[in-house]
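The opening residue of the sequence shown carries number 2 in this note's numbering; numbering runs sequentially from there.
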Amino acid sequence: MKAITNHPGKVFITGAGPGDPQLMTLRAKAVLELADIILYDNLINMEILSWASEGCEKIFVGKLPYCSAIRQETINEWLVEHALKGKQVVRLKGGDPLIFGRGAEEASFLKANGIEFEIVPGVTSSLAAGAYAGIPLTHRDASQSVMFVTGHTKKGKKSGLNFDWPLLAAFDGTIVFYMGVKNIGNIATALIEEGKCPLTPVAVIENGTLLNQRVISGNLSGIEALVAEAAVGTPSLIIVGEVVKYHQELNWFAAQQQLFKQQIA
């Protein structure tokens, strides 16, 4: 495709943060304000779209869990198409665009097509949700390392989760599974089968950083039943490791949630 203007546009691959609009970066807010068009994903807090200018076009291109969605190739082509029209394009993604966000794929496509781009980092959900749940991902007395893993698979079976299970089970740090709540039974079973202690602490955080955040905690052997009983939905992430034991002590956000409930009662 050729540019149809002498002033080609630019694409900003932007992280919207974990949910709470106040956790979005100043740079991300700035590019939203200058955008001519925003292509935004699922899990974007709609409040932040109001920061765009009045004439800004907004297009939803999100992928809903276990549903059909706009093809990634189509999104890539739209980014190039709008940039060639001279527009300032914001590709808005939940969390950080380079952590399970396909931001690098989009950047590579833009680079191959001669489109200028900028990557605007965002606060990824594991860091923010952990903090809002009072769960430190590292702690001098509990964990000196962290592993981020995607828990999503179309097959929904252990065989469809293409991991090195012995490696995961032997890992003595914190493991965070993104997009894994629907597969939590398979994940827990696989870890236990490969030698992870069934009593290893686990927390599932739903709607992290939002006022309707919920934290379901237990251990590997019982977490599937707890999640089912609580009817946990998406978005959720799973934290596995000894750091989960700090949840009760450091759960500062619960007081904020209780105050909000009292205000609307």
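In this text, a Cβ means the ideal position worked out from N, Cα and C, and glycines have one as well.
Please read all numbers here as calculations on a predicted model, not as lab measurements.
Which residue from the options puts its Cα closest to that of residue i?
{"i": "T235", "options": "L40, G174, G18, Q214", "result": "Q214"}
{"i": "F101", "options": "A84, V90, V124, G87", "result": "V124"}
{"i": "V228", "options": "W79, V182, L93", "result": "V182"}
{"i": "V203", "options": "P22, L221, T210, I193", "result": "L221"}
{"i": "A29", "options": "D37, A17, D21, A231", "result": "A17"}
{"i": "I188", "options": "S54, V81, L211, N163", "result": "N163"}
{"i": "K88", "options": "V245, L50, G10", "result": "G10"}
{"i": "P137", "options": "W52, K246, G152, E55", "result": "K246"}
{"i": "G242", "options": "A232, L35, A171, E82", "result": "A171"}
{"i": "V216", "options": "E195, L200, P199, N252", "result": "N252"}
{"i": "I120", "options": "S51, F13, E55", "result": "F13"}
{"i": "F254", "options": "H153, D173, N208, A232", "result": "N208"}
{"i": "A130", "options": "L24, I60, V150, L35", "result": "L24"}
{"i": "A191", "options": "Q249, Y179, P167, T201", "result": "P167"}
{"i": "H248", "options": "A143, A108, A53", "result": "A143"}
{"i": "E58", "options": "L93, K262, E78, L44", "result": "L93"}
{"i": "G95", "options": "L44, E107, G174", "result": "L44"}
Look at the alpha carbon of residue i and the alpha carbon of residue j, and state the distance between them as a whole number of angstroms.
{"i": "L260", "j": "L33", "result": "31 angstroms"}
{"i": "V91", "j": "G223", "result": "42 angstroms"}
{"i": "K158", "j": "E74", "result": "Model confidence at K158 stands at a pLDDT of 46, short of 50, so the residue's coordinates are unreliable; what they give is reported in the following sentence. Cα-Cα distance, rounded: 27 angstroms."}
{"i": "I206", "j": "L128", "result": "12 angstroms"}
{"i": "K155", "j": "V177", "result": "Per-residue confidence for K155 stands at a pLDDT of 49, beneath the threshold of 50, marking its modelled position as unreliable; the derived number appears in the next sentence. Using only the alpha carbons, I get a separation of about 19 angstroms."}
{"i": "S160", "j": "I240", "result": "Its pLDDT being 47, under 50, S160 is placed unreliably in this model, and the value from its coordinates should be taken loosely. Straight-line Cα distance between these residues: approximately 21 angstroms."}
{"i": "D21", "j": "V244", "result": "23 angstroms"}
{"i": "M148", "j": "N46", "result": "26 angstroms"}
{"i": "L80", "j": "T15", "result": "13 angstroms"}
{"i": "K86", "j": "P98", "result": "24 angstroms"}
{"i": "A256", "j": "S146", "result": "29 angstroms"}
{"i": "I71", "j": "I116", "result": "21 angstroms"}
{"i": "L35", "j": "A134", "result": "34 angstroms"}
{"i": "L169", "j": "A53", "result": "42 angstroms"}
{"i": "I60", "j": "H83", "result": "12 angstroms"}
Which of helix, strand or coil does DSSP assign to residue i?
{"i": "A204", "result": "strand"}
{"i": "F101", "result": "coil"}
{"i": "L27", "result": "helix"}
{"i": "N252", "result": "coil"}
{"i": "K112", "result": "helix"}
{"i": "E230", "result": "helix"}
{"i": "S222", "result": "coil"}
{"i": "G96", "result": "strand"}
{"i": "A11", "result": "According to the sequence as given, residue 11 is Lys; it is not Ala. Of the three classes helix, strand and coil, the one that applies to K11 here is strand, per DSSP."}
{"i": "I240", "result": "strand"}
{"i": "I265", "result": "helix"}
{"i": "I120", "result": "strand"}
{"i": "I193", "result": "helix"}
{"i": "Q257", "result": "helix"}
{"i": "K246", "result": "helix"}
Is residue i close to chain B, meaning its C-beta is less than 8 angstroms from at least one C-beta of that chain?
{"i": "L260", "result": "This model lacks chain B altogether, as it is built from one protein chain only."}
Would you please state the rounded distance, in angstroms, between the beta carbons of residue i and residue j? I believe it to be under 8 angstroms.
{"i": "D42", "j": "G63", "result": "4 angstroms"}
{"i": "I185", "j": "E230", "result": "Actually they are not in contact, since the Cβ atoms of I185 and E230 sit about 12 angstroms apart, beyond 8 angstroms."}
{"i": "L238", "j": "S126", "result": "6 angstroms"}
{"i": "M180", "j": "G152", "result": "6 angstroms"}
{"i": "L212", "j": "Q258", "result": "6 angstroms"}
Exercise for review: Taking only runs that begin and end inside the segment 144-191, name each unbroken alpha helix (DSSP H) of 4 or more residues, in chain order.
Suggested key: Counting whole runs of 4 or more residues, the segment 144-191 contains the alpha helix (DSSP H) stretches 166-171.
Practice item. Kindly provide the ranges of any beta strand (DSSP E) runs that are 3 or more residues long and lie completely inside the segment 13-86, ordered along the chain. Key: Runs found: 38-41, 58-61.
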